[in-house]
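Student:
4 protein chains.
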Amino acid sequence: MNFISDNTAGASAPVMAAIAAANDGAAAAYGTDIWTQRVERLFAELFEHEVSVFLVTSGTAANALALACLTRPWGAVLTHQESHVADDECGAPEFFGDGAKLIGLPGTGNKITPESVTKVLARMREGALHQVQPQAVSIAQATECGLVYRPDEVRALKQAAEPRGLKLHMDGARFANALVTLGCSPAEITWKAGVDVLSFGGTKNGAWAAEAVVFFDQALAAEMKWRRKRAGHTLSKGRLIGAQFEGLLAGGHWLALARHANAMASRLSEAVARGGSVRLAWPCEANTAFLVLDAATQERLKAAGVGYHAWSDTALPDDAALASGDIVGRFVMSFATRSEDVEQLISLLNAPSR
Amino acid sequence: MNFISDNTAGASAPVMAAIAAANDGAAAAYGTDIWTQRVERLFAELFEHEVSVFLVTSGTAANALALACLTRPWGAVLTHQESHVADDECGAPEFFGDGAKLIGLPGTGNKITPESVTKVLARMREGALHQVQPQAVSIAQATECGLVYRPDEVRALKQAAEPRGLKLHMDGARFANALVTLGCSPAEITWKAGVDVLSFGGTKNGAWAAEAVVFFDQALAAEMKWRRKRAGHTLSKGRLIGAQFEGLLAGGHWLALARHANAMASRLSEAVARGGSVRLAWPCEANTAFLVLDAATQERLKAAGVGYHAWSDTALPDDAALASGDIVGRFVMSFATRSEDVEQLISLLNAPSR
Amino acid sequence: MNFISDNTAGASAPVMAAIAAANDGAAAAYGTDIWTQRVERLFAELFEHEVSVFLVTSGTAANALALACLTRPWGAVLTHQESHVADDECGAPEFFGDGAKLIGLPGTGNKITPESVTKVLARMREGALHQVQPQAVSIAQATECGLVYRPDEVRALKQAAEPRGLKLHMDGARFANALVTLGCSPAEITWKAGVDVLSFGGTKNGAWAAEAVVFFDQALAAEMKWRRKRAGHTLSKGRLIGAQFEGLLAGGHWLALARHANAMASRLSEAVARGGSVRLAWPCEANTAFLVLDAATQERLKAAGVGYHAWSDTALPDDAALASGDIVGRFVMSFATRSEDVEQLISLLNAPSR
Amino acid sequence: MNFISDNTAGASAPVMAAIAAANDGAAAAYGTDIWTQRVERLFAELFEHEVSVFLVTSGTAANALALACLTRPWGAVLTHQESHVADDECGAPEFFGDGAKLIGLPGTGNKITPESVTKVLARMREGALHQVQPQAVSIAQATECGLVYRPDEVRALKQAAEPRGLKLHMDGARFANALVTLGCSPAEITWKAGVDVLSFGGTKNGAWAAEAVVFFDQALAAEMKWRRKRAGHTLSKGRLIGAQFEGLLAGGHWLALARHANAMASRLSEAVARGGSVRLAWPCEANTAFLVLDAATQERLKAAGVGYHAWSDTALPDDAALASGDIVGRFVMSFATRSEDVEQLISLLNAPSR
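In structure tokens:
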């Protein structure tokens with residue numbers, strides 16, 4: 170049983186079918202093909218807003234390119250201190266941003282608050298010579314800890330940042346999972362709440378390698394075509410990504426996939442909440458459950474060959490420190506997670522400890 | 170009829186089949202999957218040499234990452250002044266190399282000579298403080314003009330560069346096409362001739378998006394994993410690229426594809442060599458023919474809807490300047506080029522001018 | 170009265186005399202002159218160690234060049250979250266390091282501890298793909314808060330960092346002030362305690378613009394000449410900096426200057442410790458006193474035209490929060506600070522509040 | 170006798186006096202001092218135009234910062250292939266420009282022509298995805314070969330570049346020498362002829378280390394303060410540079426210094442023009458003479474201990490190739506060059522060969 174990540178699965182059948190369907194005849198290169206063009210229109214419809222869209226093959230590329238469009242080399246991005254962009258992309262934002270800086274904010278479950286944005290902005294004077302200039306806020310939806318920002322929370326962050334002119338980026342590697350939880354429209358949780366640029370993730374949600382940088386503020390995209398090209402992220406056979414997104418977006422397939430993953434995570438978290446030896450580290454709001462595991466449970470899982478990640482405990486609430494021997498385990502559900510595997514995992518977790 | 174590029178086709182059927190076959194079950198992420206691992210072994214066998222292999226999705230990424238491993242930010246790469254890395258990648262080598270410099274050398278048909286390497290090295294003193302330091306030579310095999318370096322030509326370039334410690338990079342976006350022309354082994358035209366790093370192209374030869382950076386000098390690859398990651402080129406579902414290469418390499422499929430493309434180009438170039446109004450700009454040695462087209466021929470092709478690129482005339486031999494109204498047209502053949510289209514093109518080209 | 174910084178004064182008379190003495194006849198350019206060469210030998214004698222020395226005109230340049238020699242673009246420097254390199258150089262270390270990252274550690278009075286180094290290293294796995302690689306620790310001696318590391322404290326930091334191969338950089342913009350306080354030899358607080366590279370400050374201590382990057386681990390300096398040159402920091406008339414250092418170092422002049430500045434700060438801090446309305450924010454260990462000022466005192470100073478900096482209160486000990494209306498004021502003494510000004514300041518500070 | 174460069178002398182007496190005069194009392198730091206402010210006004214008067222001025226200590230810094238303000242990382246600067254920015258600054262423009270590219274143009278005596286600008290622009294399509302975008306032209310006044318652009322030549326370059334929106338930068342490391350030759354006003358050879366940004370050199374003309382980036386198009390300077398700061402080129406004791414410029418500019422001292430240097434060069438070039446074994450490689454128009462020296466003359470100079478640079482012969486006119494054994498020698502005159510040394514050099518050069 171593999172709950173290590175939602176990137177261990179391949180592509181969903183409709184995505185594969187869309188690729189196969191696109192593999193016919195000659196097409197214009199470098200993203201000028203009709204699949205890519207259709208996808209751009211699909212995104213505009215989906216978000217009820219004119220958008221500039223740039224397709225790439227990795228979430229790291231999407232995030233780093235997006236942030237580079239929002240910052241100058243002496244600029245700074247405010248983000249959670251353990252966010253994916255800050256801690257899991259090996260310095261990609263700094264590379265693409267020619268040295269721009271990420272400033273880490275605290276926050277339980279990897280969510281940041283308007284208060285922490287306000288506080289750091291107060292410390293960094295506008296136009297000051299000696300300090301880097303804050304120019305963007307980046308939040309993950311859902312966060313690395315599986316929590317989801319509500320529209321009013323996003324709006325409050327934007328309001329804290331906007332007086333100083335900061336732009337708002339949303340890392341939506343798991344945007345579909347968050348959206349399913351929220352039950353709102355894509356527009357409500359993005360541009361209507363103040364998001365300027367979204368990294369819209371397809372890979373973790375059933376594509377092979379398909380991410381879209383979606384600019385709601387299209388002026389910010391003015392130089393993106395050169396940024397993407399010189400980063401090697403403008404595929405010559407661009408329809409490969411366009412087709413994946415067509416497969417995902419057609420008929421709400423992407424939401425169905427996310428709904429399944431979220432349901433699997435809900436089933437797990439509800440089951441353990443009723444159980445004994447295991448507790449949720451923080452609420453499970455999307456497709457990932459974080460469980461506090463004692464030593465005996467860790468042993469049982471190991472013996473059963475269950476794959477999961479041991480996670481940082483930094484994001485725990487201040488009053489929920491780990492007992493000795495305990496760890497936080499991350500269990501990620503994907504579109505391909507099988508119900509029977511989740512049930513078996515629940516049995517293992519809720520088994521009486523010796 | 171579309172002869173614009175060998176990137177206008179999709180993927181070959183065996184490549185698609187290999188992707189489909191790989192889409193089963195969970196796999197380790199970020200290039201640690203078994204498809205990628207198998208491909209690494211395949212490359213070692215193919216080249217009869219231990220190699221370090223890094224798979225990426227674009228030729229620009231492959232070249233820029235490779236060159237970054239060979240140079241320091243104050244280093245310089247000697248390359249043809251109109252090579253792909255110098256003129257068609259929007260500054261990607263400079264970006265990945267943190268400002269490293271490309272120094273353009275002249276040469277007919279985009280081939281550089283040992284003499285030009287020696288000359289520029291003489292002008293740049295070793296260890297000098299004020300000048301960037303030459304650290305690599307990069308050649309394209311085949312060149313942007315469709316010419317092929319012979320093993321002794323490659324060796325002569327390495328011998329000109331080696332006394333100063335320069336490494337040799339080969340941009341093999343069309344490596345298969347060159348190899349088919351040469352008829353030698355992959356080893357003979359690479360490490361045996363002095364190549365340290367090869368960008369092995371799959372995309373133009375029947376893959377969707379599959380390029381491999383192959384290090385024969387494995388010490389040069391020491392930091393490549395971080396370079397690739399922070400450039401956003403480490404796919405989470407890495408088996409997508411691994412599978413494409415499995416499809417290409419199995420049973421010599423890649424060579425069969427290149428053989429077809431080259432045969433189409435040979436047919437065209439031989440036909441026009443016997444014809445009237447059209448001449449070859451320079452020999453056709455791989456899958457691309459460059460033809461000098463007079464105004465009437467340009468008109469005929471336009472009327473027939475034939476797609477091709479008008480090309481720079483800088484690479485023409487000194488004694489072969491264009492007549493007024495003439496242009497150089499590039500006609501690229503791919504694995505998917507149909508014989509009947511080539512025959513129709515020949516008819517159009519050889520039609521008597523009014 | 171100006172206590173804003175130790176960079177508001179000009180140069181000491183012996184430094185000016187040394188410049189004038191050097192202004193005679195032709196000299197070799199770009200740091201190959203005899204003044205610079207003599208200074209390099211002086212540093213070797215001073216530190217009782219072979220050193221590689223590179224002279225520059227600003228502390229920001231010295232620090233950023235030094236750190237760039239210790240890190241790769243995907244590397245990280247552990248430093249206090251409000252250190253000068255992290256917070257006052259507008260991203261220079263990130264620029265010179267081609268995107269290398271500074272990771273901020275907490276600590277009272279801007280001193281970091283071995284425990285915080287160990288903790289962050291535990292969180293960043295060695296050789297991990299997704300995270301930047303910790304490669305250096307940077308400490309300021311004295312810190313921005315005027316505190317001084319003892320040799321055993323430096324050694325403990327190195328011991329925490331060394332198992333992972335991190336190098337140790339000391340930002341010695343106020344090295345002379347720290348050394349006077351410590352009373353040890355320059356060797357004891359640098360290479361004998363584990364420092365690999367020192368930014369030796371001259372500017373704040375009586376020079377116009379003279380800083381030296383001193384490599385105790387000379388292998389780390391291998392590429393420094395190119396880094397400095399391409400940053401525009403290799404002066405053509407290099408003797409300008411060489412002469413300043415000759416003036417400073419001759420006859421222990423630099424220590425005499427620092428001794429005066431420290432004495433002025435001691436006088437102030439001792440006087441307020443006995444006084445009423447004012448308290449030290451933390452101990453005064455070098456040439457800078459940080460005082461907690463109530464509103465009435467702020468008024469008095471303002472009325473008297475006293476120049477000082479309002480400082481961040483982040484570095485206060487946890488149990489020493491400010492009362493409402495209070496601020497932390499920074500009062501910096503330099504070689505040029507006049508005793509009578511300090512006495513007048515003391516009178517103002519200790520005046521009975523209304 | 171040392172004719173190696175105009176950077177081997179120290180500072181002129183008035184410059185030293187100005188520094189001494191500025192060394193009194195406290196001053197605001199980081200370029201906000203009154204000396205710097207006065208100098209900014211002096212430049213505005215000198216050029217009869219509102220200007221934004223940024224003082225730095227090296228020509229490399231001035232040029233690299235100026236060019237970084239004119240280009241994006243995927244931008245290109247057209248400049249002579251052996252200009253100082255292209256060939257003598259170890260990649261500083263690429264570093265400061267985050268990878269921006271310098272494209273080398275040919276030209277006798279290091280002067281470029283409108284025709285060569287037009288030709289390269291024709292080859293680089295506007296807005297093209299795959300190529301870097303030409304954004305600036307950089308010329309040296311005087312050139313590295315001692316030639317001077319006339320106002321109409323500068324204007325013609327701007328006219329060739331302007332339709333594509335390129336900005337014009339002038340590297341004026343020897344601006345004073347050029348101006349003395351031209352006899353026009355500073356305005357006529359700069360903004361009136363189309364120059365947007367000037368690197369105004371003080372160092373080679375009698376200062377220690379004083380260069381000014383002068384923006385005639387002030388909008389281009391919007392971000393310069395951060396660029397300079399994070400490059401470590403914002404001196405804390407900024408009056409050091411301000412005072413040098415006050416010393417230089419007061420009473421036309423800078424022009425007197427340049428007039429002397431030019432006169433020395435004229436005397437030499439006129440004398441050898443009448444002599445025997447030596448000829449001018451190209452006209453001497455400023456303070457540097459380039460002489461073709463046969464082997465016997467080289468021997469005589471060596472025996473007499475005459476210092477000069479052997480120079481590249483690339484800049485020779487096409488019909489003036491060197492005879493075997495001949496070299497081009499560069500002889501640079503400065504404000505400090507003594508008349509008797511020049512006379513002795515002339516005697517040596519014009520001595521009958523054995």
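Chains as they are written, first to last, in the working numbering: chain A, 170 to 523; chain B, 170 to 523; chain C, 170 to 523; chain D, 170 to 523.
Glycine residues also receive a C-beta, built at the ideal position from the N, C-alpha and C atoms.
Quick caveat, the model's predicted, so the values are computed rather than measured.
Cβ atoms of D/L426 and D/A330: under 9 Å apart, would you say?
Tutor: Start at 1 with the first residue of the fourth sequence, and residue 330 of chain D comes out as number 161. Start at 1 with the first residue of the fourth sequence, and residue 426 of chain D comes out as number 257. Not a contact, by the Cβ cut-off of 9 Å.
Student: For a cutoff of 9 Å on Cβ pairs, would you count D/K288 as touching chain A?
Tutor: Along the fourth sequence, one-based indexing puts residue 288 of chain D at 119. For D/K288, the answer is no, since every Cβ of chain A falls outside 9 Å of its Cβ.
Student: Going along chain B in order, which residues have a C-beta closer than 7 Å to the C-beta of C/P242?
Tutor: For the purposes of this step, residue 242 of chain C is taken as residue 73 along the third sequence, with counting starting at 1. What C/P242 touches in chain B: D267.
Student: Is the shortest distance between the beta-carbon of C/Q302 and the beta-carbons of chain B less than 9 Å?
Tutor: Along the third sequence, read from residue 1 onward, the residue named residue 302 of chain C stands at position 133. By this cut-off, C/Q302 is an interface position.
Student: So with Cβ pairs under 9 Å, would you call B/L409 a contact of chain C?
Tutor: Counted from its first residue, the second sequence places residue 409 of chain B at position 240. Not one chain C Cβ lies under 9 Å of B/L409.
Student: Report buried or exposed for C/E209, applying the criterion of at least 16 other Cβ atoms within 10 angstroms of its Cβ.
Tutor: Position 40 of the third sequence holds residue 209 of chain C. Buried.
Student: Let me make sure I understand the geometry here. Which of C/M393, C/T403, C/G498 and C/A434 has the alpha-carbon closest to that of C/D463?
Tutor: Looking up residue 463 of chain C in the third sequence gives position 294. Ranking C/M393, C/T403, C/G498 and C/A434 by Cα distance to C/D463 puts C/G498 first.
Student: Residues of the region 387-402 of chain B in Cβ contact with chain C at a cutoff of 8 Å, in chain order, please.
Tutor: Taking 8 Å as the Cβ-Cβ cut-off against chain C, the residues of the region 387-402 of chain B that qualify are E392, K394, W395, R396, K398 and R399.
Student: Note down the Cα distance separating A/E219 from D/A297, rounded to an integer number of angstroms.
Tutor: As a first step, residue 219 of chain A is located in the first sequence; it is residue number 50 there, counting from the start. As a first step, residue 297 of chain D is located in the fourth sequence; it is residue number 128 there, counting from the start. So the two alpha carbons sit approximately 24 Å from each other.
Student: For D/V366, which beta-bridge partners are listed by DSSP?
Tutor: One-based indexing of the fourth sequence puts residue 366 of chain D at position 197. According to DSSP, which records beta bridges pairwise, D/V366 is partnered with D/H338 and D/F384.
Student: Compare the Cα-Cα distances from C/R207 to each of C/E509, C/A520 and C/R408 and report the closest residue.
Tutor: As a first step, residue 207 of chain C is located in the third sequence; it is residue number 38 there, counting from the start. For C/R207, the nearest C-alpha among the options comes from C/R408.
Student: Please list, in chain order, the chain A residues whose beta carbon lies closer than 7 Å to that of C/E284.
Tutor: Here residue 284 of chain C refers to the residue found at position 115 when the third sequence is read from its first residue. Result: empty, since nearest Cβ-Cβ is about 16 Å, beyond 7 Å.
Student: Using a C-beta cutoff of 9 Å, does C/L236 count as contacting chain B?
Tutor: Here the question's residue 236 of chain C lines up with position 67 in the third sequence. No, because no Cβ of chain B sits closer than 9 Å to the Cβ of C/L236.
Student: If you reduce the DSSP assignment to three classes, tell me which class B/K406 lands in.
Tutor: Position 237 of the second sequence holds residue 406 of chain B. Correct three-state label for B/K406: coil.
Student: Under 9 Å between the Cβ atoms of A/A450 and A/L517?
Tutor: Within the first sequence, residue 450 of chain A is the residue found at index 281, counting from 1. Within the first sequence, residue 517 of chain A is the residue found at index 348, counting from 1. For A/A450 and A/L517, no; Cβs fall outside 9 Å.
Student: So that I know if they touch, is there some Cβ in chain B lying closer than 9 Å to that of D/S481?
Tutor: Here the question's residue 481 of chain D lines up with position 312 in the fourth sequence. Yes, contact with chain B.
Student: C/T372: which of C/N171, C/A230, C/C238 and C/W204 sits nearest, CA to CA?
Tutor: By one-based count along the third sequence, residue 372 of chain C stands at place 203. Out of C/N171, C/A230, C/C238 and C/W204, C/A230 has the C-alpha closest to the C-alpha of C/T372.
Student: What number of angstroms, rounded off, separates the C-alpha of B/L404 from the C-alpha of C/W377?
Tutor: Here residue 404 of chain B refers to the residue found at position 235 when the second sequence is read from its first residue. Here residue 377 of chain C refers to the residue found at position 208 when the third sequence is read from its first residue. Looking at the two C-alpha atoms, the distance is approximately 52 Å.
Student: Measure how close the beta-carbons of D/T457 and D/A434 come, nearest whole angstrom, since I'm counting them as under 8 Å.
Tutor: Here residue 457 of chain D is taken as the residue at index 288 of the fourth sequence, counted from 1. Here residue 434 of chain D is taken as the residue at index 265 of the fourth sequence, counted from 1. Their Cβ separation, rounded to whole angstroms, is 6 Å, which keeps D/T457 and D/A434 in contact under 8 Å.
Student: Strictly under 9 Å for the Cβ-Cβ distance: is A/N374 near chain B by that measure?
Tutor: Position 205 of the first sequence, counting from 1, holds the residue named residue 374 of chain A. For A/N374, the answer is no, since every Cβ of chain B falls outside 9 Å of its Cβ.
Student: Which residue comes first and which comes last in the alpha helix (DSSP H) that contains C/F204?
Tutor: Your numbering for residue 204 of chain C matches position 35 in the third sequence. In the sequence as presented, Phe is not what sits at residue 204 of chain C; that position holds Trp. Unbroken alpha helix (DSSP H) run through C/W204: I203 to F216.
Student: For the candidate residues A/I188, A/H422, A/M393 and A/L491, whose alpha-carbon lies nearest to that of A/F504?
Tutor: Mapped onto the first sequence, residue 504 of chain A falls at position 335. Measuring from the Cα of A/F504, the nearest candidate turns out to be A/H422.
Student: Mark B/D267 as exposed unless 16 or more other C-beta atoms lie within 10 angstroms of its C-beta, in which case mark it buried.
Tutor: Start at 1 with the first residue of the second sequence, and residue 267 of chain B comes out as number 98. Buried, because 16 or more other Cβ atoms sit within 10 Å of the Cβ of B/D267.
Student: Can you tell me which of A/E415, A/P242 and A/L460 puts its alpha carbon nearest to the alpha carbon of A/I203?
Tutor: Looking up residue 203 of chain A in the first sequence gives position 34. Of the candidates A/E415, A/P242 and A/L460, the one whose C-alpha sits nearest the C-alpha of A/I203 is A/E415.
Student: Which chain A residues are close to B/F264, counting only those with a beta carbon under 8 Å from its beta carbon?
Tutor: What you label residue 264 of chain B is simply residue 95 of the second sequence in a count that begins at 1. What B/F264 touches in chain A: R399 and A400.
Student: Determine the extent of the alpha helix (DSSP H) in which C/L236 is found, giving its start and end residues.
Tutor: Taking the first residue of the third sequence as 1, we reach residue 236 of chain C at position 67. It spans G228 to L239 - the alpha helix (DSSP H) in which C/L236 sits, taken as one unbroken run.
Student: Would B/V501 and B/D256 be called neighbours here (beta carbons separated by less than 9 Å)?
Tutor: By 1-based counting over the second sequence, the position of residue 501 of chain B is 332. By 1-based counting over the second sequence, the position of residue 256 of chain B is 87. Not a contact, by the Cβ cut-off of 9 Å.
Student: Out of A/F212, A/G194 and A/V246, which has the shortest C-alpha to C-alpha gap to A/W524?
Tutor: In this structure chain A extends from 170 to 523, so residue 524 of chain A is not present and cannot be described.
Student: Would you mind reading off the limits of the alpha helix (DSSP H) that contains A/A356?
Tutor: Within the first sequence, residue 356 of chain A is the residue found at index 187, counting from 1. Note, A/A356: alpha helix (DSSP H), P355 to I358.
Student: Got a sec? Which residues, its chain only, sit under 8 Å from A/L236 by beta carbon, not counting five neighbours each side?
Tutor: As a working mapping, residue 236 of chain A is identified with position 67 in the first sequence. V246, V254, P262, F265, G266, A269, A305, S307 and H338.
Student: With three or more beta-carbon pairs closer than 8 Å as the criterion, would you say the region 393-403 of chain B touches the region 178-193 of chain B?
Tutor: Output reads no: the region 178-193 of chain B does not touch the region 393-403 of chain B.
Student: Quick one: using the 10 Å Cβ neighbour count with 16 as the cut-off for buried, is C/D340 buried or exposed?
Tutor: Residue mapping note: residue 340 of chain C aligns to position 171 of the third sequence, counting from 1. So C/D340 counts as buried.
Student: Once DSSP output is grouped into helix, strand and coil, what is the label at A/Q300?
Tutor: Mapped onto the first sequence, residue 300 of chain A falls at position 131. Three-state DSSP puts A/Q300 in coil, outside helix and strand.
Student: Ignore the nearest five residues each way along the sequence and tell me which others in A/C353's own chain have a CB closer than 7 Å to its CB.
Tutor: The residue labelled residue 353 of chain A in the question sits at position 184 within the first sequence. Within the same chain, A/C353 has close Cβ partners P320.
Student: For D/K270, write down the residues that DSSP places opposite it in a beta bridge.
Tutor: Walking along the fourth sequence from the start, residue 270 of chain D turns up at place 101. DSSP, once it has assigned bridges, lists D/A245 as partnering D/K270.
Student: Determine the chain B residues that contact C/L298 at a beta-carbon separation under 8 Å, and present them in chain order.
Tutor: What you label residue 298 of chain C is simply residue 129 of the third sequence in a count that begins at 1. Residues of chain B passing the Cβ test: Y199, K394, W395, K398 and T403.
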